[in-house]
Each structure stands twice: as structure tokens, then as C-alpha cells.
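Here the protein sequences line up with chains X and P, keeping their order. Numbered by the working numbering, the letters in the first sequence go through residues 453 to 790 in order. Numbered by the working numbering, the letters in the second sequence go through residues 453 to 790 in order. Glycine included, every Cβ here is placed at the ideal spot set by N, Cα and C. Have a look at the structure below, then the notes.
2 protein chains.
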Amino acid sequence: MHEVLKQRVTLLDIAADAGVSRATVSLVIRNVPSVAESTRKRVERSIKRLGYVYHRGAASLRTQQSHAIGLIVSDITNPFFAEIIVAIEERLATARLVTLLGNTSEDHAKEERLLKTMREFPADGILICPAISRDTSTGTPNLAGRLPTVAFARRVDGIDYAGVDNVQGSQLAIEHLCQLGNRRIAFIGGDPEVSTGQERIQGYKRALVRSGLQFDRSLVVPAPPTRRGGYDVVLQLLQMENPPTAALCFNDVVALGAIEALQQAGVRAGKQFGVVGFNNVPDAAQSLPGLTTVDTSPRELGETAAELLLKRIEQRDSPIRTVILQPRLIVRQSCGTH
Amino acid sequence: MHEVLKQRVTLLDIAADAGVSRATVSLVIRNVPSVAESTRKRVERSIKRLGYVYHRGAASLRTQQSHAIGLIVSDITNPFFAEIIVAIEERLATARLVTLLGNTSEDHAKEERLLKTMREFPADGILICPAISRDTSTGTPNLAGRLPTVAFARRVDGIDYAGVDNVQGSQLAIEHLCQLGNRRIAFIGGDPEVSTGQERIQGYKRALVRSGLQFDRSLVVPAPPTRRGGYDVVLQLLQMENPPTAALCFNDVVALGAIEALQQAGVRAGKQFGVVGFNNVPDAAQSLPGLTTVDTSPRELGETAAELLLKRIEQRDSPIRTVILQPRLIVRQSCGTH
DNA sequence: CGCCCTGGGTGGATCGATCTATCGATAAAA
DNA sequence: TTTTATCGATAGATCGATCCACCCAGGGCG
């Protein structure tokens, strides 16, 4: 009695079973109200009975929209991004959109492959945090093509962007450190080629100038944005003949590495050396001493980015939008108390 | 001259431009050899000129395969999984398969939504690390349906599985700690409801018995698999009237938290208290003291899982396969030296 | 009674790529 | 010269869901 050979249950099977036409079944599935209650019930029963599975691919071929959007992230292992991802997924889910996640590991080739795949799918839109790129001309905007695209966290010219005011964030941090009496403050980690790094360093410089402090090139030490990066740089800084008394770190992970190095070197973080991070990841609150950090509200950032994309999809030809969220300083114990 | 209104460039457009039929263009795209070199060149030029983008959806509707597989992970922020993900993606890419990544955050509802979406897509197969489930009857196997499905890291009955011999891993660790003279060894973190936790605790017990040690229920302390989890449990253990002298941790993250707590409490990790982790994440080598840990080779695990899925797709009706990788102990400084 | 709605439902065309069967032409074989 | 391969290319059907135009029965209304 069972149709064993037939692989997939289609609308036609349901239609036959319920004694209606394909079109009617389709109406039921899409919850179109113009179906009599009795018919709807009958169709729904058939759907259950036969174990029908909706075929998105077929539907989107006809409707020209996949209800799927591509989310391309440069590093899923970074907890900051992880939170953004979750926020984006949640926001998109409320708009009945599915999220396809791709990870580039900061690799340009992978990024291009992913963009290609998602265009081919085809996704209805793309959210991307571009991989670090030295050459903006081969950057992402052209890759995105005509597909609605929004960049987040890292700026890309010519497309919608949701980001954080990194300049302001750095300024908050530096002002705080200055008020606590620090005169020599380092900037640790981050890549001066990425917009995030650029902006944070720019804010760092600007705040130093405002506070009447010297900008010392040797106190800006780029490093990979990892625990190890912060660790190594701090050990290096402590070797200087005139070492800094505090450091603003590119992000919290770097900052945690920095604190580890300080402990290792017998320097008491928070008492003898101030450390400020960026992002306020969950670990920052747990660490010892609690990490003072610039909160960049990843959840809001994710929601904002998703929102931008939804608007862009709605009206493709609206002017380019840029949303910059304002960060705030979370004061804990890693800089001493005021 | 430009076709502004027409949205998408299709095979038909290319065909018209190159003066051939759709079918021929299709042959060119799929690199079928039976096309004259001159024709191929001409078609390829048209493809470039018009900016054609392959439409996976349309193709897979006809071929009944999407060349996409769904990868569902319970926690992308866990570096152990992050490595597995990368390995899986790489392996699948060599088979010209695209990976659709989904994150459940250990949430069953999300897991079900993701499975549904991926079935609807439809994906050609699914790789899943199931979310923690207390009720195996509502577990994943039924959700997977007839789609080729492989579980990894956490066991699911009735489907292919790639995992690590956690029992053996724990035994290696405990034996090592015993040889160093520890008599009271705790097990920290992990959820006894998940197969991973069960197996590791089982190995812990078994090794204790073999070494002629008492199994003390109060020394097994479940906790969330986070830094914080390890931290809290260690502080708690140190309060005991007869505290343990070493601990096997559910994973490295927990172990790093444990070490942090020891340092905080003035107990020298590695000298006065031995700590062993699980997974050998990158941070483990960097930490101070270097973390002795059970290497569960996430890369191999990912490759193995991908391999299993490829085989399953090739022959859907082959018997269920289970691959268990053997872990090895990486000795660093967190247990003292022998 | 004839006319027009209108709620409920339907067949056929359609989305874009692929598969199958087939065709024309040229070269090789008989 | 006729037949048979062979090669390159093609028209039309097809995958599964959706959209469009249209249909039909019954009710209201002049």
C-alpha cells in the first residue's frame, strides 16, 4: 500500500489524497484565508498523514525570493561575533527569514567562495563582516553585486553599515585612564589596516592630545587579536626602559592575555598597571580582576544590522544608511579605583 | 542598450547572446566534454560579458541534489567546536559541497527549527552535534527523517556517529594523576546527561577503581562547561575539610577557570594541585602553567564526520557506522612533573 | 427572469537548469 | 555509393510550488 519508490511527497500527492487541486493545497500551506475551513482541515490532515515536507527551493524558484539571508562572519570563535550572530538570527527569525551562516576565518578566498555560494543560492540578502583586507579595491562591495548587502562591525564604503563609534570608545577609555593619573598609556593589539583598528587608534591619539599627553609611536603595538597577542605584547612593553603604566587593548581577549602576562611578571593588574578592553564579552566580568572595558553592545549591533538589511530588501534603491552605536565604559577593577 | 528591467541573467540569455541553445550553455557550465572548443569559448565569453550567476536552486530542483549539507552545532562559541567546523567545511569543500552552518546554543527549539529548514531546503545531508537533551525519545534521530544524517561529538542512537573515546581519555588522565601520587582526584564540570559527560565520568570512575582508589561521590561536581564553571567549583572544593589534590576537568575551558581559581586562592597549580583538561584547545598550550590535557583531535573528528556523511550519501542503505577516535594525553606543567 | 457579484476553487503557464531522445552533418566503413 | 558511427548540438519535458486568469454555483437585486 505504501509508495516506497516515490521519494518525495509533493503538493500533487497531497492534492490527490485530499481530493483537491495543487493550487488549493498551496493556498492552505501559505495560510491564504480564501479557503473554506472544512477544506483546509482536510488538506492539513493529508499533509500530516503523508509526511509532506515543504520544498523551499521550488517555491523560491517561482517567487524569486528564498527567505534566506547569508551571514558571513570573519571569525566565529570570537565571542563578540558569536553574540552578534545570535542577535542577528533572532531578529531575522521574527521576519521569517532563515540565516545561512558562513565563516571566513579572515580568509579572503573563503570569503569570496561564500559570497558566490550565497548569491548562487540565491539568498535574498547578505550580512557581512568583511575579512581583513589591505586592498579595499578588491574589497567586498563589488562582490556583493546587486544583492542587498549590509556590512557590520567593519566598515565598507558604498554599502549600508552598522557599527560602533570606536573613536568615541577609545576616548572614553583613555580619559578614564588619564583621570586615574596615568601618563604613559599603550595601545595593544589590533590591525591598523582594519577600520576597527584604525578608528580605535585614532580615538586613542585624539584623546591623548586632548588630555595634553605626548603621543609615543612606540606605545602603539599591533598584534593578532588573541589572548596570546596581548600576552606577548605586554611582556615586551615591560622590557622598555620607560614602560607605560596602563594599556588600552584592541579587545577583551587581548586584554585578558595582557592581564595574564602582568600576573606572570608579578605586576599587579589594576594596582600597578591599568588595563582596559573592548567589547565587554562575558569573560570580562568573570575575570580577576574584573576587566574594565568599552561595551560595544554586540546584541544591539546585530539587531541594527539585521534591521538595516530588512529595510534595504524592502526598498532596494533607498540611499545608503549608516548606523553608529555609541559605546559606554564599564568600570571594573582592572584600572584600580578612582 | 542595457537590459535594465530584466533582473536575472539566465541560460537563455547566454544562449541567445552566444547563438546556441540553452542545453549547450548548460553543458558548458557543467564542463561536459562533448562541446566543441570554439563553442565553449564563445559561450564562456558571453557568460562573462552578461555577468551570469549560476542558479543553484533551479539546478537542484531538477537534479534532486542541492550539493549543500547542513551543519548543526550546539555552541559555536566553544573553540573545540569551532575547530571541528573548520575541518568539516574543508573536507566537504573538497567534495564540492557547500556547508550551511546553524547554531542551536543548546536550545532544542532552535535545533528543531534548523533541522526543519535544512530539510526544506533541501540539504543533501546533515551533520549534527545534538543539543543537550534529557529526553532521548524526543531526540534527534526522528527529526532527521530520511535525510542522510551523521552525529558527531555527542552520540545519538540509530544513526552514524563520529566521536572520541571519552572513557579512555579519562582513564589516561586519571592514570597520569595517580602515577604522580594523587589519591583524591575530583571530576569538575560537564553535564552527566550528555553522552560526553557520561562517558568521561564513567572513565574517571573506572580508572579510580583500577588504581585501587575510593570513588567519592562528593568529588564529582557538575557545572556549566565554562571558565566560570571551573572557577566556582574549585573554590568550592578547596573549602572541603578533606580537599582533593587534583582534578580532571570536563574540558579545557573549565580547566582554565579552575587554574584561575587556584591562583586566586594562593594554591600553585601544577605544584600543589594537579589539573587536567579535555580537548587541547589552542589556549591550553599558551596558559600558565601549560595545561595538561586529553587531546580529542577536533580536526580529525571533523574530517571523520564529514567522511561518514559522504559515504552515507553515496549509499544510503549501508549499515550504521560508528567511528571512535582514540585520544592521547598531552603532558604539560599543570600537574607537576613526574 | 436576467444580471452581476462573490466566495471557493481550478488548470495551465511559469521560474531556471537539466535530462532524454533525437537530429543533422561529416567521417569512416562496407 | 550506401551504410554506419561519431560528434556536436538541440527541442521539449521535467523538477515542485506559485501565480494568473478564469470558472462555477448560488445569492441578491432590479
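Item to check | Contact set between isoleucine 537 of chain P and chain X, taken where Cβ atoms lie within less than 8 angstroms | outcome: Numbered from its first residue, the second sequence carries residue 537 of chain P at position 85. Result: Ile528 and Asn555.
Item to check | Complete runs of the beta strand (DSSP E) confined to the region 623-655 of chain P [at least 3 residues] | outcome: 637-640
Item to check | Segments assigned beta strand (DSSP E), at least 3 residues, entirely inside the region 594-622 of chain X | outcome: 601-604 and 612-616
Item to check | Bridge-paired residues (DSSP) for aspartate 747 of chain P | outcome: Here residue 747 of chain P corresponds to residue number 295 of the second sequence, with the count starting at 1. Beta-bridge pairing links aspartate 747 of chain P to P/Asn731 and P/Arg780.
Item to check | Contiguous beta strand (DSSP E) assignments of at least 3 residues, all confined to the region 487-524 of chain X | outcome: none
Checklist entry - Buried or exposed: which applies to glutamate 395 of chain P, given that a residue is buried once 16 or more other Cβ atoms fall within 10 Å of its Cβ? => result Outside the shown range of chain P (453 to 790) lies residue 395 of chain P, about which nothing can therefore be said.
Item to check | leucine 647 of chain P versus alanine 488 of chain X: straight-line alpha-carbon distance, rounded | outcome: As a working note, residue 647 of chain P is residue 195 in the second sequence. As a working note, residue 488 of chain X is residue 36 in the first sequence. The amino acid occupying residue 647 of chain P in the given sequence is serine; leucine does not appear at that position. Cα to Cα, the separation comes out at about 49 angstroms.
Item to check | Cut-off 8 angstroms between Cβ atoms - residues of its own chain near arginine 751 of chain P, not counting five sequence neighbours on either side | outcome: As a working mapping, residue 751 of chain P is identified with position 299 in the second sequence. Taken in chain order, the residues that qualify are Glu535, Ile536, Val538 and Ala539.
Next on the checklist: Within 10 Å of its beta-carbon, does isoleucine 772 of chain P have 16 or more other beta-carbons around it, so buried, or fewer, so exposed?
Outcome noted: If you number the second sequence from 1, residue 772 of chain P lands on position 320. Its Cβ having fewer than 16 others within 10 Å, isoleucine 772 of chain P is exposed.
Checklist entry - Does any CB atom of chain X fall closer than 8 angstroms to the CB of threonine 569 of chain P? => result Residue mapping note: residue 569 of chain P aligns to position 117 of the second sequence, counting from 1. So, interface residue.
Next on the checklist: Could you pull the DSSP bridge partners for leucine 700 of chain X from this structure?
Outcome noted: Sequence index remark: in the first sequence, residue 700 of chain X carries index 248 (1-based). Per DSSP, X/Phe639 and X/Val728.
Checklist entry - Quick one: what's got a C-beta closer than 8 angstroms to arginine 679 of chain P's C-beta in the same chain, skipping five residues either side? => result On the second sequence, residue 679 of chain P is found 227 positions in, with the first residue counted as 1. Cβ neighbours of arginine 679 of chain P beyond the five flanking positions: Val705, Val706, Leu708, Gly709 and Glu712.
Next on the checklist: Looking at chain X, is there any beta carbon in it that lies within less than 8 angstroms of the beta carbon of leucine 463 of chain P?
Outcome noted: The residue labelled residue 463 of chain P in the question sits at position 11 within the second sequence. Cβ-Cβ to chain X under 8 angstroms: no for leucine 463 of chain P.
Item to check | Under 7 angstroms by beta carbon: chain X residues contacting phenylalanine 573 of chain P | outcome: What you label residue 573 of chain P is simply residue 121 of the second sequence in a count that begins at 1. Those are Arg508 and Gly509, listed as they occur along chain X.
Checklist entry - arginine 496 of chain P and valine 484 of chain P look like a contact to me (Cβ under 8 angstroms); what is the Cβ gap, rounded to whole Å? => result Within the second sequence, residue 496 of chain P is the residue found at index 44, counting from 1. Within the second sequence, residue 484 of chain P is the residue found at index 32, counting from 1. Correcting the residue type first, residue 496 of chain P is glutamate in the shown sequence and not arginine. With 8 angstroms as the limit, glutamate 496 of chain P and valine 484 of chain P do not qualify as a contact, their Cβ atoms being about 13 angstroms apart.
Next on the checklist: Run through chain X and tell me which residues come within less than 7 angstroms of aspartate 735 of chain P, C-beta to C-beta.
Outcome noted: As a first step, residue 735 of chain P is located in the second sequence; it is residue number 283 there, counting from the start. The answer, in chain order, is Arg679.
Checklist entry - For aspartate 465 of chain X, which of X/Pro600, X/Val505, X/Pro582 and X/Val783 has the nearest alpha-carbon? => result Taking the first sequence and counting its residues from 1, the one referred to as residue 465 of chain X is at position 13. It is X/Val505 whose Cα lies nearest to the Cα of aspartate 465 of chain X.
Checklist entry - What is the DSSP secondary structure of threonine 774 of chain P, counted as helix, strand or coil? => result Along the second sequence, one-based indexing puts residue 774 of chain P at 322. In this structure, threonine 774 of chain P counts as strand in the three-state DSSP scheme.
Checklist entry - Is any beta-carbon of chain P found at less than 8 angstroms from that of valine 608 of chain X? => result The residue labelled residue 608 of chain X in the question sits at position 156 within the first sequence. Not an interface residue.
Next on the checklist: Taking a contact to mean a Cβ-Cβ separation below 8 angstroms, would you say isoleucine 776 of chain P touches asparagine 732 of chain P in this structure?
Outcome noted: The sequence position of residue 776 of chain P within the second sequence is 324, counting from 1. The sequence position of residue 732 of chain P within the second sequence is 280, counting from 1. The answer is no: Cβ separation not under 8 angstroms.
Item to check | Simplified DSSP assignment, three categories, for threonine 551 of chain X | outcome: Numbered from its first residue, the first sequence carries residue 551 of chain X at position 99. Looking at threonine 551 of chain X - three-state DSSP - the assignment turns out to be strand.
Checklist entry - Can you tell me whether methionine 570 of chain X is buried or exposed, with buried defined as 16 or more other CB within 10 angstroms of its CB? => result Within the first sequence, the letter at position 118 stands for residue 570 of chain X. Under this definition methionine 570 of chain X is a buried residue.
Next on the checklist: In this structure, how does DSSP classify valine 673 of chain P when only helix, strand and coil are distinguished?
Outcome noted: As a working mapping, residue 673 of chain P is identified with position 221 in the second sequence. Note: valine 673 of chain P maps to strand in three-state DSSP.
Item to check | Contact with chain X by leucine 740 of chain P, beta-carbon distance below 8 angstroms | outcome: As a working mapping, residue 740 of chain P is identified with position 288 in the second sequence. So, interface residue.
Checklist entry - Between P/Ala545, P/Val550, P/Val661 and P/Leu689, which lies nearest to valine 672 of chain P when the distance is taken from Cα to Cα? => result Counted from its first residue, the second sequence places residue 672 of chain P at position 220. Closest option to valine 672 of chain P, Cα to Cα, is P/Leu689.
Checklist entry - With respect to the beta strand (DSSP E) encompassing leucine 409 of chain P, which residues constitute its N-terminal and C-terminal limits? => result Since the first residue of chain P shown is 453 and the last is 790, residue 409 of chain P is not available in this structure.
Item to check | Contact residues within the region 627-659 of chain X, judged by C-beta distance below 9 angstroms to chain P | outcome: none
Next on the checklist: Check whether chain P comes within 8 angstroms of tyrosine 683 of chain X, counting only Cβ atoms and requiring the distance to be less than that.
Outcome noted: For the purposes of this step, residue 683 of chain X is identified with residue 231 of the first sequence, where counting begins at 1. Judged by the 8 angstroms Cβ criterion, tyrosine 683 of chain X is in contact with chain P.
Next on the checklist: If you measure between the beta carbons of glycine 722 of chain P and cysteine 630 of chain P, is that distance less than 8 angstroms?
Outcome noted: The residue you call residue 722 of chain P lines up with position 270 of the second sequence. The residue you call residue 630 of chain P lines up with position 178 of the second sequence. No, the Cβ-Cβ distance between glycine 722 of chain P and cysteine 630 of chain P is not below 8 angstroms.
Checklist entry - Buried or exposed: where does glutamate 563 of chain P fall if 16 or more other Cβ atoms within 10 Å of its Cβ makes it buried? => result For the purposes of this step, residue 563 of chain P is taken as residue 111 along the second sequence, with counting starting at 1. Per the 10 Å Cβ criterion, buried.
Checklist entry - Are the region 544-557 of chain P and the region 619-637 of chain P touching, with three or more C-beta to C-beta distances below 8 angstroms? => result no
Next on the checklist: So with CB distances below 9 angstroms, who are the chain P contacts of proline 750 of chain X?
Outcome noted: Here residue 750 of chain X is taken as the residue at index 298 of the first sequence, counted from 1. Here the premise fails: no neighbours, minimum Cβ distance about 12 angstroms.
Next on the checklist: As a quick exercise: from X/Leu599, X/Ala675 and X/Gly649, pick the residue whose alpha carbon is nearest that of valine 641 of chain X.
Outcome noted: On the first sequence, position 189 is the one that residue 641 of chain X refers to. With the sequence shown as reference, residue 641 of chain X is identified as glycine, and valine is not the correct amino acid for it. Among X/Leu599, X/Ala675 and X/Gly649, the Cα nearest to that of glycine 641 of chain X belongs to X/Ala675.
Item to check | Local Cβ density within 10 Å of aspartate 684 of chain X, reported as buried at 16 or more and exposed below that | outcome: Start at 1 with the first residue of the first sequence, and residue 684 of chain X comes out as number 232. When all chains shown are included, aspartate 684 of chain X counts as buried.
Checklist entry - Can at least three beta-carbon pairs, one atom from the region 729-744 of chain X and one from the region 512-527 of chain X, be found at a separation below 8 angstroms? => result no
Next on the checklist: At a cut-off of 7 angstroms, would you count glycine 615 of chain X as near the ligand ATP, judging by its Cβ distance to the nearest heavy atom?
Outcome noted: The ligand ATP is not among the ligands present in this structure, which contains no ligands whatsoever.
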